[in-house]
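Each position in the sequence shown, counted from 1, maps to that position plus 3 in the numbering used here. So the structure is just underneath, and the comments pick up after that.
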Amino acid sequence: MDSSIHHLPAEKTSPAGNRCPRPGKAPAAWKDAFARAMGEDAVAKWGKQLLRITNDMVVICDEELNIVYHNRGFIRGIGHQQGSYESHHFLNFFPAADRADALKALQGLFRSQQGGLRFGATLLTTRGERPFDARVVRSRRANGQFLLYLVIREEVRRTVDVKKTERQASELLFAGLPVAAFRTDKQLRIIRAFGTLWDDLKVETSTIKGADLVNPQCHLVPPFLRQIDYCDTMAGLTLHADLSWRQEPYEITVEPFLDKNRKVIGTIGMLRKAKVDPVSRGTAHLSIPTPVDPTTPLKQSRTVELAPVAVVLNQDEVSQIRSEIKPRRLASPDIAGLVPQKTDRVALAN
Numbered sequence: 004m005d006s007s008i009h010h011l012p013a014e015k016t017s018p019a020g021n022r023c024p025r026p027g028k029a030p031a032a033w034k035d036a037f038a039r040a041m042g043e044d045a046v047a048k049w050g051k052q053l054l055r056i057t058n059d060m061v062v063i064c065d066e067e068l069n070i071v072y073h074n075r076g077f078i079r080g081i082g083h084q085q086g087s088y089e090s091h092h093f094l095n096f097f098p099a100a101d102r103a104d105a106l107k108a109l110q111g112l113f114r115s116q117q118g119g120l121r122f123g124a125t126l127l128t129t130r131g132e133r134p135f136d137a138r139v140v141r142s143r144r145a146n147g148q149f150l151l152y153l154v155i156r157e158e159v160r161r162t163v164d165v166k167k168t169e170r171q172a173s174e175l176l177f178a179g180l181p182v183a184a185f186r187t188d189k190q191l192r193i194i195r196a197f198g199t200l201w202d203d204l205k206v207e208t209s210t211i212k213g214a215d216l217v218n219p220q221c222h223l224v225p226p227f228l229r230q231i232d233y234c235d236t237m238a239g240l241t242l243h244a245d246l247s248w249r250q251e252p253y254e255i256t257v258e259p260f261l262d263k264n265r266k267v268i269g270t271i272g273m274l275r276k277a278k279v280d281p282v283s284r285g286t287a288h289l290s291i292p293t294p295v296d297p298t299t300p301l302k303q304s305r306t307v308e309l310a311p312v313a314v315v316l317n318q319d320e321v322s323q324i325r326s327e328i329k330p331r332r333l334a335s336p337d338i339a340g341l342v343p344q345k346t347d348r349v350a351l352a353n
């Protein structure tokens with residue numbers, strides 16, 4: 004046998020200084036056939052071992068989409084430790100609402116000019132419906148029939164990494180701003196804190212992790228955050244308030260995150276310095292006149308006190324007054340309540 008295949012491969016130096024290995028000379032075709040005849044086929048030797056230990060789910064289906072082979076990774080991915088799904092229909096692992104689309108895509112691969120495809124799908128597992136990423140390759144057998152080779156990998160880890168990356172990117176945005184921002188869970192416990200204003204407030208962000216904002220006895224809550232009433236936030240409303248700390252005015256905004264049932268599943272708060280003191284905000288531009296009393300005080304009039312004087316009439320004057328009085332008898336008009344045409348003055352005297 005040519006021993007050149009056992010030589011170390013040459014290396015090529017790239018302009019950047021990195022070395023890219025160069026493949027060695029491949030063995031002749033008759034050498035591969037001889038190795039297979041002697042039971043030293045590399046694929047037979049290593050392929051089964053790789054299929055057994057890999058974490059990827061490998062499934063082989065015929066043209067009727069019946070499973071003819073799967074590795075142990077597929078059993079573990081579905082949620083079992085042992086057993087076999089051979090002769091099961093592959094579409095049974097799809098939710099009922101997705102089976103028509105999956106059947107159209109997989110059967111279309113037999114008639115397509117492309118030899119494979121990649122798709123994302125939801126599969127049924129013992130843990131419920133789980134998202135997976137699948138790569139399918141079509142291969143023709145010696146009898147002219149086709150087989151589908153599927154390599155399936157769960158998407159959970161990749162999805163979590165994407166969300167983590169997006170969250171870190173948003174937190175890095177706040178980290179460079181002069182604010183004291185924080186994130187809480189649905190029970191208003193701080194889970195993250197970021198921003199440069201925490202340094203000005205003399206607060207270490209690692210010490211307030213887990214602080215319960217609704218518990219006035221929680222020693223982890225910074226004193227200035229205890230001034231806030233979080234009832235609006237827990238009701239699903241945006242909270243905006245003013246506060247003062249160490250004779251400095253601040254503004255705080257707490258925005259809740261709601262689920263489809265309008266329940267609070269978390270919040271994000273942002274504290275920043277106020278441009279105007281909240282005590283004088285909104286009144287500096289107003290010119291309020293001094294109130295004027297429209298009433299006028301009453302002038303005191305002069306009063307004259309008269310001493311009581313006893314008036315004494317002599318007997319002649321009394322007799323004269325009595326003589327001028329001419330009483331008369333009651334007439335019928337007086338009894339009937341009719342008013343006479345002419346009346347005379349009547350004086351009564353004791």
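For glycine and all other residues, C-beta sits at the position ideal for the given N, C-alpha and C.
For a test of the three-state rule: what should DSSP assign to residue i, helix, strand or coil?
i	result
I324	helix
S209	helix
I81	helix
R144	coil
P2	Look at the range of the chain in this structure, 4 to 353, and you will see that residue 2 is not part of it.
F185	strand
A105	helix
L200	helix
G131	strand
A137	strand
N317	coil
D215	strand
N74	coil
N264	coil
Would you kindly work out how many angstroms separate the C-alpha atoms of residue i and residue j, rounded to a whole number?
i	j	result
P281	P252	Here P281 scores only 49 on pLDDT, less than 50, and its place in the model should not be relied on; the value that follows carries that caveat. For P281 and P252, the distance between alpha carbons rounds to 7 Å.
I231	P134	42 Å
W201	E157	40 Å
L228	H222	12 Å
R114	L240	56 Å
L53	T125	25 Å
P259	D203	26 Å
D65	H91	11 Å
T129	I78	11 Å
V217	A100	44 Å
Please state whether the Cβ-Cβ distance between residue i and residue j is less than 9 Å.
i	j	result
F149	R141	yes
G269	K205	no
D59	I155	yes
T199	L180	yes
L94	R102	yes
I81	I70	no
L109	L68	yes
L274	V182	yes
Quick one: give me the first and last residue of the beta strand (DSSP E) that residue i is part of.
i	result
T270	267–276
A244	242–248
L228	Neither: L228 is in no beta strand (DSSP E) and is coded neither H nor E.
T125	119–128
L151	149–157
Can you round the beta-carbon distance between residue i and residue j to whole angstroms, since I take them to be within the 8 Å contact cut?
i	j	result
I271	R186	5 Å
D235	A277	About 19 Å separates the two Cβ atoms, so there is no contact after all.
D104	G123	Going by Cβ atoms, the distance from D104 to G123 rounds to 12 Å, so no, they are not a contact pair.
F197	A184	5 Å
I211	P226	Rounded, the Cβ-Cβ distance is 11 Å, inconsistent with contact.
Just reading off the alpha helix (DSSP H) that residue i is part of, what are its end residues?
i	result
C64	Here C64 belongs to no alpha helix (DSSP H); instead the beta strand (DSSP E) covers 60–64.
D221	It should be pointed out that residue 221 corresponds to Cys in this sequence rather than to Asp. Counting along the chain, C221 falls outside any alpha helix (DSSP H), and DSSP gives it neither H nor E.
D235	234–237
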